[in-house]
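Since the structure comes first, as structure tokens, the remarks are kept for the end.
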Amino acid sequence: MRVALHEAGHSFAAWRFGQIPGPVTVVPGPRWAGTAHHERQPVPVADLDAVDVSMPYLAWPAAVRHDVDVQALITAAGYAAEEALRRTPGRCGDPLAARAAELAAARPLTAAEERLVLADREDTTDATDDERLASLMLLAHGHDPVTGSAWLHYITATAKACIARDAPRVLRLAGVLANRGTLSGRAVIEILEET
Ligand SMILES: [Zn+2]
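Quick note on this note's numbering: the sequence shown kicks off at 1294 and runs consecutively.
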């Protein structure tokens, strides 16, 4: 059930933050206990082109910041669901920020990677949640680790609050997922929209 809750957290957050949920599975793969996909809403190219990563995050186009925040929320929502709904000490907050900072320090993003993270329409890269959060944190706050860590706290707190507020919905999705193993995006949407 832990993996089903984790993946349901990702799918719920994608739906809650206006993306289109895709297939989700708790059948283990080579690097994961499960996966949850979603289709990203496109960001206008003019906004992506207007990003200057040497400028503070708040100076970026609003549509790009929204997209980066939403991708981080969806990524953080796996751990957030485990923590919010199992009431076990989780990885949100300090441990997650520390791990992301460690990964970020070990592997600074190149300019090419910055473009890639910004424009990436795929959520099926082989990055783990930690690696993806580290990339997003570096992209948004690469020049200021203190702000990066604070941003990640804000992201994980928001993910947890949204999941806690909609707990019955997330638990229902996790329950069906645990039973069936794999769900299509359409099935995810139907379960989340049931009242
Ligand atoms: Zn995950």
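Glycine residues also receive a C-beta, built at the ideal position from the N, C-alpha and C atoms. Note that the coordinates shown come from a computational prediction; the quantities given were computed from them, not determined experimentally.
- Shown here, Val1463 sits in a helix according to DSSP, grouped into three states.
- For Val1463 against Leu1378, the beta-carbon gap comes to about 7 Å, under 8 Å, which counts as contact.
- Fewer than three Cβ pairs drawn from the segment 1321-1334 and the segment 1347-1357 lie within less than 8 Å of each other, which leaves the two stretches out of contact.
- Taken atom to atom, the span from the alpha-carbon of Leu1426 to that of Val1361 is near 10 Å.
- One Cα belongs to Ala1443, the other to Thr1488, and the distance between them is close to 35 Å.
- By the neighbour-count definition (other C-beta atoms within 10 Å, threshold 16), Gly1315 is a buried residue.
- Per DSSP, the beta-bridge partners of Thr1318 are Thr1328 and Thr1475.
- Remark: the shortest separation between the CB of His1303 and any heavy atom of ligand 1 falls under 7 Å.
- DSSP places Leu1366 inside the alpha helix (DSSP H), whose first and last residues are Ala1355 to Arg1379.
- Per DSSP, the beta-bridge partners of Ile1313 are Glu1332.
- A residue is called buried when at least 16 other Cβ atoms come within 10 angstroms of its Cβ; Ser1347 does not meet this threshold and is exposed.
- With respect to the 8 Å criterion, Val1363 and Gln1312 are classified as neighbours on the basis of their beta carbons.
- For Tyr1447, the enclosing alpha helix (DSSP H) begins and ends at Pro1438 to Arg1458.
- A distance criterion of 7 Å places the beta-carbon of Gly1311 beyond contact range of ligand 1, judged by its closest non-hydrogen atom.
- Arg1309 sits buried, since 16 or more C-beta atoms from the chains shown fall within 10 Å of its C-beta.
- Counting C-beta atoms within 10 angstroms of its own C-beta, Thr1328 has 16 or more neighbours from the protein chains shown and is therefore classed as buried.
- Sequence-distant partners of Lys1453 (beyond 5 residues in either direction) whose C-beta falls short of 7 Å from its own C-beta, in its chain, are Ala1373, Glu1376, Ala1377 and Cys1385.
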